[in-house]
Amino acid sequence: MRLRLHEFTELEGLSAKARSGTLRCEMATSIEKDVPHLCMIDDVPVDAIRRLTDGFEVTLPQLLLAEQNEAIEVRWVDRYR
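The sequence shown begins at 476 in this note's numbering and counts up by one.
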């Protein structure tokens with residue numbers, strides 16, 4: 476599943492919670508300049524966020540989508556809106 480968040484200049488943090496786990500993404504520090512966000516599912520690193528020209532695209536990993544029709548709660552932080 477992909478989420479597209481349009482018209483976001485920055486995305487400070489994002490989480491997606493399901494029964495099978497929790498995805499947490501935070502803005503990377505200046506040390507990781509090539510990677511805009513660091514994402515993990517229960518301490519396992521995943522590649523989930525990609526910067527678009529007008530926002531961000533989030534790909535929810537298959538691990539979160541373990542069961543069909545399972546609800547996933549998504550939250551994000553953007554102080555710049």
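All C-beta atoms, glycine included, are put in the ideal place defined by N, C-alpha and C.
query	result
Where L489 sits in the DSSP three-state scheme	strand
9 Å Cβ cutoff met for M515 and C500	yes
Limits of the beta strand (DSSP E) - the one that E532 falls within	530-534
Same chain, Cβ closer than 8 Å to Q537, neighbours up to 5 away in sequence not counted	none
R494, enclosing beta strand (DSSP E) - first and last residue	Segment: none, R494 is in no beta strand (DSSP E) and carries neither H nor E.
Identity of the residue in A546, L535, I524 nearest E487 by Cα	I524
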